[in-house]
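Residue numbers (the working numbering), protein chains in the order written: chain P, 8 to 396; chain R, 8 to 396.
Don't be surprised by glycine CBs; every beta carbon is placed ideally from N, CA and C.
Since we're looking at a predicted model, the values are computed, not measured.
Right, one structure below, let's go through it.
Protein chains: 2
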Amino acid sequence: MKVNDHLLNLSDSYLFSAIGQKVKEYRLKNPDCKIISLGIGDVTRPLVDEVVRSMEEAVAEMAAASTFRGYGDEQGYLFLRQAICGYYAKKNVCLHEDEVFISDGAKSDLGNILDIFSEDNTVLIPDPSYPVYADSNMMAGRNIVSAKGNIENGFLPLPDPEIRPDLIYLCSPSNPTGAVYTREELKLWVEYALSNSAVILFDAAYEAFVHDPSLPTSIYQVEGAKECAIEFCSLSKTAGFSGVRCGYTVVPQELVRDGVSLNRLWLRRQTTKFNGVSYIVQRGAAAVFTYAGLAQVKENIAYYMENARLIAQKLDQLGIWHVGGENAPYIWLKCPDSMSSWDYFEYLLSSFQIVGTPGAGFGAQGEGFFRFSSFGSRENILEAMARLS
Amino acid sequence: MKVNDHLLNLSDSYLFSAIGQKVKEYRLKNPDCKIISLGIGDVTRPLVDEVVRSMEEAVAEMAAASTFRGYGDEQGYLFLRQAICGYYAKKNVCLHEDEVFISDGAKSDLGNILDIFSEDNTVLIPDPSYPVYADSNMMAGRNIVSAKGNIENGFLPLPDPEIRPDLIYLCSPSNPTGAVYTREELKLWVEYALSNSAVILFDAAYEAFVHDPSLPTSIYQVEGAKECAIEFCSLSKTAGFSGVRCGYTVVPQELVRDGVSLNRLWLRRQTTKFNGVSYIVQRGAAAVFTYAGLAQVKENIAYYMENARLIAQKLDQLGIWHVGGENAPYIWLKCPDSMSSWDYFEYLLSSFQIVGTPGAGFGAQGEGFFRFSSFGSRENILEAMARLS
Chain P
8 MKVNDHLLNL SDSYLFSAIG QKVKEYRLKN PDCKIISLGI GDVTRPLVDE
58 VVRSMEEAVA EMAAASTFRG YGDEQGYLFL RQAICGYYAK KNVCLHEDEV
108 FISDGAKSDL GNILDIFSED NTVLIPDPSY PVYADSNMMA GRNIVSAKGN
158 IENGFLPLPD PEIRPDLIYL CSPSNPTGAV YTREELKLWV EYALSNSAVI
208 LFDAAYEAFV HDPSLPTSIY QVEGAKECAI EFCSLSKTAG FSGVRCGYTV
258 VPQELVRDGV SLNRLWLRRQ TTKFNGVSYI VQRGAAAVFT YAGLAQVKEN
308 IAYYMENARL IAQKLDQLGI WHVGGENAPY IWLKCPDSMS SWDYFEYLLS
358 SFQIVGTPGA GFGAQGEGFF RFSSFGSREN ILEAMARLS
Chain R
8 MKVNDHLLNL SDSYLFSAIG QKVKEYRLKN PDCKIISLGI GDVTRPLVDE
58 VVRSMEEAVA EMAAASTFRG YGDEQGYLFL RQAICGYYAK KNVCLHEDEV
108 FISDGAKSDL GNILDIFSED NTVLIPDPSY PVYADSNMMA GRNIVSAKGN
158 IENGFLPLPD PEIRPDLIYL CSPSNPTGAV YTREELKLWV EYALSNSAVI
208 LFDAAYEAFV HDPSLPTSIY QVEGAKECAI EFCSLSKTAG FSGVRCGYTV
258 VPQELVRDGV SLNRLWLRRQ TTKFNGVSYI VQRGAAAVFT YAGLAQVKEN
308 IAYYMENARL IAQKLDQLGI WHVGGENAPY IWLKCPDSMS SWDYFEYLLS
358 SFQIVGTPGA GFGAQGEGFF RFSSFGSREN ILEAMARLS
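Next up, the structure:
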């Protein structure tokens, strides 16, 4: 019996678990202090009324034999896939229901999608980026190369013709930096992917935070993307679903490699290793995409974006370099006084009882940087900013 | 870019999707007939009151800022893991909360657990068995050998000392046969696994249907099992959660291979590629394990077991050989007149508008056999049995 020893190459604990542990230890030693988290980026606003009402109805249906639902399709209920197609139509992206797969969240899909690709592929991952991209590929022993973000490129790296990757991760608006690619920049990535027969894994989890109408909210707004990109999205941030668990993945029918439809491969993977998302959750998710639902979640997004504005304002006052926060819920800053990311983490925790996320946790290029999230309550954001004064 | 071409070795459509397609076609041609499904084995009784009440409360909590919950632990809420430990304590199995992992269902965990094992391992899979075991290993290119079930061994194969597997799947009560291993038989498997340093993947999804107190409902009721077995369980059949989605997996701390704790590896896999189960679902699941919840789900199980008795009675009248149905919701029968499994499927559908599951779909040894499930309504079971007369 052999274990998968690639797993042993991963650092022992996942970034946010490590932060959680440090905060726990601090709290034990300082039981009376009020710690404010600008850390993991978990939402704090409750679910909107439309979602709550739909989930209440769904629970009631499950309580009566005549309306009870057992197994649904592994790829999700048609009513939800159709609602998502409608949402994309408003972005001028035409999708067929069969191209949309519902899941329990983008994190699961981003990890599980790798089942359909050979382990021999070379993977290009932005640095810094969401740790799941690198970790899930390390688990399978894939070769990883970096697309380096830095102050010069505004943490929006562009294709390097010297590198010939098979899989390319992109996240826009970016976690952790909050930077957003323009349509022209995404076009460069699509052309690069097509010329290398590569596949882009496009993480659009923060698309709902884009307010500038000139910026793309889906990679499919770029011509040719359907031939080279899979898009992942989530309701965690869009609609406060981090504890409800629902996301979706788009695999276009046009996406073919080695003569094989990737849509068909993903369907086969999902029908074999997944059994669909809770009916109650899917009903809640569908409510997000109604006229009233979208209006309600937009109010919450506006609330968080005002938080982001307050954080950016304070950083400007303090003369700290930063990006993001305008079309994304994250603000990425350069640690003052050339502090390392983890030193700044300890400094903020011990001096101000503020928790943020060390940039180094998102890759080597993140060293010396730090992420604030705008998902807290207004009261906490104001208090945290006052403490920083 | 290379796809994972092991996926291409899988048959094009998953068993139950194939059945669904055939039924759909028949329905299109015969729109007025009433088809009764004794097929996929999906429950039909609504959720019990305790579960509904807890989920209603949880939805209400998610609607208010003061009680809203975002991300939970990837391994599940402590309240649910403790409830499951309490359930195991009644089986005389002592578990620690850290050994229990909550998921969206046993199917996901049975597939995903393979991430922690090397692809070089040889896998022993009962034939017939739940197709997910073989398919998920074929996806990773693992070598598969069979433990053959047949009428002679009552579809309960025992270890073959000639074979030296690394991973061993067992399912008891069995899907698809409904046969249940005795404690003495499971002891032979545990000893065999220990002597080969193998790991048993024990699927206990149907444990709640065991009524004979002499039969084991967990592999950990056998001495030494904690050193060699991972146990998977689900609320789909226990509490009608097939559309709610919740399962759990037990990885004992004693389970160490290559000097590595498999519990730690699974935690690392789950924290990387999974983000936990819906809070609302976990609250519903916890309600199942309360005193009132267990009493209520037992009533539903008794209802299904009466269905099983009615099916078995009819098969006896018809002189058809069968097993299962006494401590399991499935009845496994030999197709009459030496019909093949799929011929019998077509015969039942076209002559009686009854859908069952062809045994051949569960492996080569299932050819010539057929599975009935007892999860229908009493009315439908009675009507189906009347049609068979």
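Suppose the cutoff is 7 Å on Cβ atoms and the five residues either side in sequence are ignored; what does the same chain contact list for Leu-22 of chain P look like? Pro-138 and Gly-368
Just to make sure I have the definition right: I need the residues of chain R whose C-beta is within less than 8 Å of the C-beta of Met-123 of chain P. Which are they? The sequence as given places Ile at residue 123 of chain P; Met does not occur at that position. Under the 8 Å cutoff, chain R gives Val-10, Asn-11 and Leu-14.
Between the alpha carbons of Ser-225 of chain R and Glu-238 of chain R, how many angstroms are there, rounded? 8 Å
Secondary structure of Pro-343 of chain P, DSSP reduced to three states: helix
Beta carbon proximity, Gly-250 of chain P to chain R, threshold 8 Å: yes
When we look at the beta-carbon of Pro-133 of chain P and count the other beta-carbons within 10 Å, is it buried (16 or more) or exposed? buried
C-alpha distance - Ser-136 of chain R paired with Gly-370 of chain R, whole-angstrom precision: 7 Å
Of the residues R:Ala-302, R:Ser-380 and R:Pro-336, which one's Cα is nearest the Cα of Val-58 of chain R? R:Ala-302
Identity of the residue in P:Asp-39, P:Met-392 and P:Val-66 nearest Val-285 of chain P by Cα: What sits at residue 285 of chain P in the sequence shown is Ser, not Val. Checked all of P:Asp-39, P:Met-392 and P:Val-66; the closest Cα to Ser-285 of chain P is P:Val-66.
Can you give the beta carbon distance from Phe-86 of chain R to Ala-293 of chain R, rounded, assuming they're within the 8 Å contact cut? 6 Å
List, in order along the chain, the chain R residues whose C-beta lies closer than 7 Å to that of Asn-119 of chain P? Per Cβ cutoff of 7 Å: Lys-280.
Are Ser-249 of chain P and Val-50 of chain P closer than 8 Å when you measure CB to CB? yes
With three or more beta-carbon pairs closer than 8 Å as the criterion, would you say the segment 377-393 of chain P touches the segment 306-314 of chain P? yes
Taking Met-69 of chain P and Leu-54 of chain R to be in contact with their CB atoms under 8 Å, please state how far apart those CB atoms are, rounded to whole angstroms. Between the beta-carbon of Met-69 of chain P and that of Leu-54 of chain R there is about 5 Å, and that keeps the pair under the 8 Å contact cut.
Just to confirm my understanding: we take Ile-327 of chain P, look at its own chain, exclude 5 residues before and 5 after, and list those with CB closer than 8 Å. What are they? Leu-340, Lys-341 and Pro-343
Below 8 Å on the Cβ atoms is my contact criterion, and I expect His-13 of chain R with Gln-260 of chain R to pass it. Report the Cβ-Cβ distance as a whole number of Å. 32 Å between Cβ atoms; not a contact.
Give every residue of the same chain whose Cβ lies closer than 7 Å to the Cβ of Gln-360 of chain R, excluding the five residues on either side of it in the sequence, and list them in chain order. Cys-40, Lys-41, Ile-42 and Ile-43
The alpha helix (DSSP H) with Lys-31 of chain P in it runs from where to where? Looking at the DSSP string, the run of the alpha helix (DSSP H) that includes Lys-31 of chain P is 22-36.
What is the rounded straight-line gap between the Cα of Pro-172 of chain P and the Cα of Ile-388 of chain R? About 57 Å.
Tell me the start and end of each unbroken beta strand (DSSP E) in the segment 176-261 of chain P that is at least 3 residues and wholly inside, in chain order. 206-210, 236-241 and 254-257
Taking 7 Å as the limit between beta carbons, can you name the residues of its chain near Asp-219 of chain P, skipping five residues before and five after? Asn-334
Scan the segment 257-290 of chain R for residues whose Cβ lies nearer than 8 Å to a Cβ of chain P and list them as they occur along the chain. Arg-264, Asp-265, Val-267, Leu-269, Leu-272, Arg-275, Arg-276, Thr-278, Thr-279, Lys-280, Phe-281, Asn-282, Gly-283, Val-284, Ser-285, Tyr-286, Ile-287 and Val-288
Is there a Cβ of chain R sitting closer than 8 Å to that of Glu-238 of chain P, yes or no? no
Would you verify that the beta carbon of Leu-131 of chain R is, or is not, closer than 8 Å to some beta carbon of chain P? So, not an interface residue.
Any heavy atom of the ligand HEM closer than 7 Å to the Cβ of Phe-377 of chain P? Although the ligand HEM was asked about, the structure shown includes no ligands whatsoever.
For Lys-155 of chain R, list the residues DSSP reports as bridge partners. R:Asp-134
Asn-387 of chain P (DSSP reduced to helix, strand or coil): helix
Run of the beta strand (DSSP E) containing Ile-109 of chain R, from where it starts to where it stops: Note, Ile-109 of chain R: beta strand (DSSP E), 107-110.
Coil, strand or helix - Val-55 of chain R by DSSP: In the structure shown, Val-55 of chain R sits in coil (DSSP, three-state: anything other than H, G, I, E or B).
Please work out which residues of its chain come closer than 8 Å, Cβ to Cβ, to Ser-345 of chain R, disregarding the five sequence neighbours upstream and downstream, and give them in chain order. Gly-375
Test: Tyr-188 of chain R CB closer than 8 Å to a CB of chain P: no
Between Leu-322 of chain P and Ile-338 of chain P, which are expected to be in contact by the criterion C-beta below 8 Å, what is the C-beta distance as a whole number of angstroms? Yes, Leu-322 of chain P and Ile-338 of chain P are in contact; Cβ-Cβ is about 7 Å, under 8 Å.
Alpha carbons only, please: which of P:Asn-182, P:Ile-318 and P:Pro-166 is nearest the one belonging to Glu-192 of chain P? Closest in alpha carbon position to Glu-192 of chain P, among P:Asn-182, P:Ile-318 and P:Pro-166, is P:Pro-166.
Residues bridged to Trp-365 of chain R by DSSP? Per the sequence shown, the amino acid found at residue 365 of chain R is Pro instead of Trp. Pro-365 of chain R is bridged to R:Phe-377.
Using a beta-carbon distance cut-off of less than 8 Å, what residues from the segment 35-65 of chain P approach chain R? Ile-47, Asp-49, Val-50, Thr-51, Arg-52, Pro-53, Leu-54, Asp-56, Val-59, Met-62 and Glu-63
Using 8 Å as the threshold, is the segment 144-151 of chain P in touch with the segment 91-111 of chain P, meaning 3 or more CB pairs across them? no
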